[in-house]
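Below you'll find the structure, written out as structure tokens, and then a few comments.
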Amino acid sequence: MFKRRVSIVGGGIVGLAVADRLARRGAEVILFEKESRRAR
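For the sequence shown, counting from 1, position 13 maps to 13 in UniProt numbering; every step adds exactly one.
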């Protein structure tokens, strides 16, 4: 079995929630955000 790699564009509330859910399920998550702060 292989580990899934997922890229998420956007560090808003939804992007962070999806990243958290996928990471808890074992995915390797990379989050891209253009701003210096997330979930504004």
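Even glycine gets a Cβ: it sits at the ideal position worked out from N, Cα and C.
Classify residue i: buried if its beta carbon has 16 or more other beta carbons within 10 angstroms, exposed otherwise.
i, result
"alanine 17", "exposed"
Tell me the DSSP secondary structure of residue i in three-state form.
i, result
"arginine 24", "helix"
Where residue i and residue j are concerned, what is the direct C-alpha to C-alpha distance, given to the nearest angstrom?
i, j, result
"lysine 3", "alanine 23", "11 Å"
"glycine 10", "glutamate 33", "5 Å"
"glycine 15", "leucine 31", "8 Å"
"alanine 19", "arginine 37", "16 Å"
Could you give the residue range of the beta strand (DSSP E) that holds residue i?
i, result
"serine 7", "5 to 9"
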